[in-house]
Amino acid sequence: MEELKLNGLKSHDYHALMQQLLPVAIRSVLPKHVRYAITRLCFFFNALCAKVVDVSRLNDLQQDIVVILCLLEKYFPPSIFDIMLHLTVHLVSDDISKKELIENELKWLAQGPRQQVLTYPRYIINGCRYHIKERDEARVNQNSGVSIVASTMQIASSKDKNPVLGDMCFYGIVREIWDLDYNMFNICVLSVIGLIVKWCQS
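What follows is the structure, encoded as structure tokens:
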């Protein structure tokens, strides 16, 4: 702190500084109109980065950021306006398009997949080829085995009173491969002996 610099901060620290502490820190330092513009920018990021974003306010936030940038351009020299500051205009529109995409996917999921389910003896997912057990029985190389790592409570013995959360590897053999068609997207499901795993979305 001798040089009056903050070092070693993580991104959450910067968020807390900008959204919570900066409006308080500039209260008695800057003129009122400048303080007002900066505080509005802080409140904008606070609303946009909240854990729960009020979707009904997104259009208001979009209009607010345009006004905020105009205020900042009024009070600050052009040299501080790089591309990063102007990109804030697009943050809300990105949130709106993500919201519309999620709503669209939820609508199709709620309607359920088509009645006809396609099944495959083999399927390539993310560059890995999987076969069903029946197809592998006549082959030398086996591609029907799968494994998944999941977090689960583990104990050392039946007398252990302190379970520990840890990763455990589960193994299985692919019995069937289903392709569920939701009209706008497909979901591949591997039916594994012992469990069913949703593997990917294409």
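For the sequence shown, our numbering gives the first residue as 5, with consecutive numbering after it. Yeah, the Cβ is synthetic: ideal placement off N, Cα and C, and Gly gets one too.
Would you mind reading off the limits of the alpha helix (DSSP H) that contains residue i?
i: E104; result: T92 to Q115
i: L8; result: Segment: none, L8 is in no alpha helix (DSSP H) and carries neither H nor E.
i: R139; result: K137 to D140
i: D64; result: L62 to Y79
Using three-state DSSP, classify residue i as helix, strand or coil.
i: F85; result: coil
i: F48; result: helix
i: I129; result: strand
i: I152; result: strand
i: M22; result: helix
i: N190; result: strand
i: Q119; result: coil
i: Q146; result: coil
i: C204; result: The predicted position of C204 is uncertain, since its pLDDT is 47 and thus under 50; a value taken from the coordinates is nonetheless stated next. In this structure, C204 counts as strand in the three-state DSSP scheme.
Determine the contact status of residue i and residue j, defining contact as a CB-CB distance below 8 Å.
i: I87; j: F48; result: no
i: V178; j: Y124; result: no
i: N63; j: M188; result: no
i: L288; j: I42; result: Here the chain comprises residues numbered 5 to 206, so residue 288 is not present and cannot be evaluated.
i: I69; j: V93; result: yes
i: V121; j: D183; result: yes
i: S148; j: Y175; result: no
i: K111; j: V59; result: no
Taking the beta strand (DSSP E) that residue i falls in, what are its first and last residues?
i: I197; result: Premise fails: I197 is in no beta strand (DSSP E) and is neither H nor E.
i: D171; result: V168 to D185
Pop quiz: residue i and residue j are said to be a contact at Cβ under 8 Å. What is the actual Cβ separation, rounded to whole angstroms?
i: D99; j: V57; result: 7 Å
i: S195; j: E180; result: 4 Å
Straight-line CA distance for residue i to residue j?
i: K55; j: K137; result: 44 Å
i: A114; j: Y186; result: 9 Å
i: L76; j: R44; result: 10 Å
i: F80; j: C74; result: 10 Å
i: G12; j: Y18; result: 10 Å
i: F85; j: Q24; result: 23 Å
i: L21; j: I128; result: 47 Å
i: P82; j: V153; result: 52 Å
i: K165; j: C173; result: 22 Å
i: Y95; j: L105; result: For clarity, residue 95 is Leu in the given sequence; the question names Tyr instead. If I take the Cα positions, the gap works out to 16 Å.
i: Q205; j: M157; result: Annotation note: pLDDT 48 at Q205 (below 50); position unreliable, no value reported.
i: A142; j: R126; result: 14 Å
i: L169; j: L8; result: 42 Å
Step through the CB atoms of chain C and report whether any lies within less than 8 Å of the CB of residue i.
i: V38; result: Absent here is chain C; the protein component of the structure consists of one chain.
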